[in-house]
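Peer 1: Could you have a look at this structure, given as structure tokens, before my questions?
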Amino acid sequence: MERSQKCLICTPLIAKTVNEMLFQLQLAKESGADVAELRVDHITDFNAESDLPLLLKDRPLPVIVTPRAKWECKADSNEGYEGNEEARQDLLRKAYELGADYIDVELKVAGEFVKKLKDSSIKSSTKIIVSNHNWELTPSQEEIDATIEQMWATGGDIVKYVTTAKDITDVARVFHFLSEAKGRPTIGLAMGPTGMISRLLSPKFGGYLTFGALSKGQESAPGQPTVQDLIEVYRVKSMDRETVVCGVVGKPVYHSKGPILHNRGFAELNLNYVYVPFLVDDFAHFMSVYSESDFRGFSVTIPYKEDALRLCGDKVEFVAKGIGAVNTVIREKDGELKGYNTDCEGALSAIEDGLRHSGLATNSESPLKDKLFVVIGAGGAGKALAYGAKERHARVAVANRNYERAKTLAESVGAEAIELEKLADFRPETGMILANSTSIGMEPEVTKSPISKDALSAYSLVFDAVYTPKETQLLKDAIEIGAVDVSGEEMFYRQAFAQFKYFTGVPAPERAMRDALSSPPVAHKGTLPTRTPPPRTFPVSAQCSIGMFNGRGLRVSQFVCAYPFKNGWSFSHSAHFGMLMERSQVPSGSFALRY
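The sequence shown begins at 1 in the UniProt record's numbering and counts up by one.
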């Protein structure tokens, strides 16, 4: 595999038994991974002499053999190879002799180990990855560069340098050493929640390989996405140095469906763009560090919409300026930042259409004219709702937990301020409109609502800006009392379509983007689908059956098979045998199971 090739996707396998790892190896192949890392330190009572040949024989894709040393693992993780160091290095040497595609050797022991291997009489095509993991932080650029040169000096074929990101700006140093690798195959990643982008954008900066878990819960390191997400959502296999980066900036941010939506739009129009989540602690610092022109478009969410307004200075379009909040930032060709607000039109047009379609519209100019429009929340989204409603000649009231913030917003748009605790008794008339702009009711706190169900009786329409889940507790309560409900998902779609055009200069493929959320990618997890399939016969490869045989005769207590179908779901089957299988009893060719 030459450095000129695309960045490889590697899935780490952390099974507890050889048989399970063989099964996972086949699933890794079916998932689209290019390489699998065999974390044999996770296997109980691993026997290098008998088990390594089983794992390496007829493997469906290239593998990295990694018996991670305990001293290289996180101190409190209780992970790592259980045997002594001599046995661990013997295991690596055995993998090298057997022709494993790669072996992973830690920097601490690599110098002497690699020299002995290359001075020995063993002839092998195995590539040696020299790795170093910093579980505490991301060092300075100078320290990183010095360590990487030390790693190359060991004589390894590939360098893998992994840090821990304390802040998303730490990842910029990882991107820097990847970009400066000068053609030498280098793997660079940052662990932790703020390090996620190092895994998603590694191909853009020349990374040799990035890691994706087989499924959620199978991660070998913090912040690891799934193989499915890397391929189907972020399209890393088509990413290159020219890829334009956009993303959602916020805290929290990983609940956002923006990556699914925008990346489907980019794929539909064959645009070399990617949209990623940016988990940010300091908005201005983040924007100053990621100032390259390729970092072009940003969807700004809680809590940075006002920060974005300040950062854009005079280059803010009039709606965003009137609202006092920016939810879209574009880096122009001259490097200047320009701010927009697409929340306002997205939310208000969705509410107006809700009134029209339910027969509650009484004014041809705007269904909101003369309506009493109550906004919960005084942040960026609340400002957009209050401003937009006032522009449509509604009478506006603002309720917020912090009454002073409610007063400030109310005064800025000519509205009434209400203490949130008194909102339940605020019923001056019937037929009012309620719009929640807070995060109350967002996953995982899905049973919460900003207002009691009893207090909703005076409202004819209820809108919730929260879109995960689509039907919040507030909307469930609204439906029960007979009010029209408008989901934040519709606002999300509409504001995102406008953002897409700002990002790319072309109209959003709206149907394809809507379809992205109505039919998201289905994971290949080797588990039963949520719907029960009809009985059918399907092939299971002989390799899968041989995978249940350990070479010494095996009492099979459970036999698990899976076969991914073209429509994206897979079957699993479990059968208990309790018999001793000899090699002669293992079927050859292919056979079928019916269930």
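From the three backbone atoms N, C-alpha and C, an ideal C-beta is built for every residue, glycine too.
Using only CA atoms, which one of D170, K123, R173 and F177 lies nearest to E149?
Peer 2: If we check each option's Cα against that of E149, F177 comes out closest.
Peer 1: Look at the alpha carbon of K70 and the alpha carbon of I158, and state the distance between them as a whole number of angstroms.
Peer 2: Distance between the alpha carbons of K70 and I158: 22 Å.
Peer 1: Would you kindly report the start and end of the unbroken alpha helix (DSSP H) that includes G83?
Peer 2: Run containing G83: none; DSSP gives neither H nor E here.
Peer 1: Would you tell me roughly how many angstroms separate the C-alpha atoms of L61 and A33, rounded to the nearest one?
Peer 2: Their backbone Cα atoms lie some 8 Å apart in a straight line.
Peer 1: State the Cα-Cα distance for the pair S519 and Q228, rounded to the nearest angstrom.
Peer 2: Going by the C-alpha atoms only, they are around 14 Å apart.
Peer 1: If you draw a straight line from the alpha carbon of E404 to that of L434, how long is it in whole angstroms?
Peer 2: The alpha-carbon atoms of E404 and L434 are separated by roughly 20 Å.
Peer 1: Specify, as a first and last residue, the run of the alpha helix (DSSP H) that K116 falls within.
Peer 2: It spans L107 to D119 - the alpha helix (DSSP H) in which K116 sits, taken as one unbroken run.
Peer 1: Ignore the nearest five residues each way along the sequence and tell me which others in K407's own chain have a CB closer than 6 Å to its CB.
Peer 2: Excluding positions up to five away in sequence, the list reads A417.
Peer 1: What is the residue span of the alpha helix (DSSP H) that A320 lies within?
Peer 2: Counting along the chain, the alpha helix (DSSP H) containing A320 begins and ends at F318 to I323.
Peer 1: So is G195 buried or exposed if we call it buried at 16+ other beta carbons inside 10 Å?
Peer 2: The residue is buried, with at least 16 neighbouring Cβ atoms inside 10 Å.
Peer 1: Rounded to the nearest angstrom, what separates Y208 and G188 at their Cα positions?
Peer 2: Going from the Cα of Y208 to the Cα of G188 covers about 8 Å.
Peer 1: Can you name, in chain order, every residue of its own chain whose Cβ lies under 8 Å from the Cβ of R241, other than the five neighbours on each side?
Peer 2: The answer, listed in chain order, is K204, F205 and G206.
Peer 1: State the Cα-Cα distance for the pair L528 and K257, rounded to the nearest angstrom.
Peer 2: Any reading at L528 must be qualified, since the residue scores a pLDDT of 26, below 50, and its modelled position is unreliable; the value itself is stated next. Those two C-alpha atoms are separated by around 25 Å.
Peer 1: Would you decide whether T301 is buried or exposed? Buried here means 16 or more other CB atoms lie within 10 Å of its CB.
Peer 2: T301 should be labelled buried.
Peer 1: Going by beta carbon distance, what residues of the same chain come within less than 8 Å of V114, once the five residues before and after it are set aside?
Peer 2: Closer than 8 Å at the Cβ level, and outside the excluded window around V114, lie V105, I128, V130, T154, G155 and G156.
Peer 1: Ignore the nearest five residues each way along the sequence and tell me which others in Y502's own chain have a CB closer than 7 Å to its CB.
Peer 2: Hits under 7 Å: G297, T328, I330 and Y340.
Peer 1: Can you check DSSP and say which residues form a bridge with K338?
Peer 2: Note: K338 sits in a beta bridge opposite I330.
Peer 1: Which residue wins for smallest C-alpha separation from S358, given the options S460, K338, D314 and R264?
Peer 2: For the residues S460, K338, D314 and R264, the minimum Cα distance to S358 belongs to S460.
Peer 1: I'd like to know if the region 337–353 and the region 451–459 are in contact, where contact means that at least 3 CB-CB pairs between them fall below 8 Å.
Peer 2: As far as the Cβ criterion goes, the region 337–353 does not touch the region 451–459, which means the pair count is below three.
Peer 1: What's the gap between the Cα of D167 and the Cα of V253?
Peer 2: Cα to Cα, the separation comes out at about 14 Å.
Peer 1: Look at the Cβ atom of G377, then the Cβ atom of A325, and state whether they are nearer than 8 Å.
Peer 2: Not in contact: G377 and A325 (Cβ atoms no closer than 8 Å).
Peer 1: Name, in chain order, the residues that DSSP records as bridge partners for R39.
Peer 2: Bridge partners of R39: T66.
Peer 1: Taking the continuous alpha helix (DSSP H) assigned at F53, which residues delimit it?
Peer 2: The question names Phe, but residue 53 is Pro in the sequence shown. Start and end: A48 to L56.
Peer 1: Would you say the region 229–237 touches the region 258–272, given that touching needs at least three Cβ pairs under 8 Å?
Peer 2: At 8 Å Cβ cutoff, the stretches touch.
Peer 1: Any idea what DSSP makes of S460, helix, strand or coil?
Peer 2: DSSP places S460 in strand when its eight states are reduced to three.
Peer 1: Rounded to the nearest angstrom, what separates T530 and V446 at their Cα positions?
Peer 2: Unreliable positioning characterises T530 in this predicted model, as indicated by a pLDDT of 31, which lies under 50. The coordinate reading is nonetheless provided below. Cα-Cα distance, rounded: 22 Å.
Peer 1: Quick check on P60: does DSSP put it in helix, strand or coil?
Peer 2: P60 falls in the coil class under three-state DSSP.
Peer 1: Tell me where the alpha helix (DSSP H) around F497 begins and ends.
Peer 2: Looking at the DSSP string, the run of the alpha helix (DSSP H) that includes F497 is G488 to T504.
Peer 1: With a floor of 3 residues, list each beta strand (DSSP E) that falls wholly inside the region 203–232, ordered by position along the chain.
Peer 2: Whole beta strand (DSSP E) segments, 3+ residues: 209–211.
Peer 1: Per DSSP, what are the beta-bridge partners of R184 in this structure?
Peer 2: Paired residues: none, contrary to the question.
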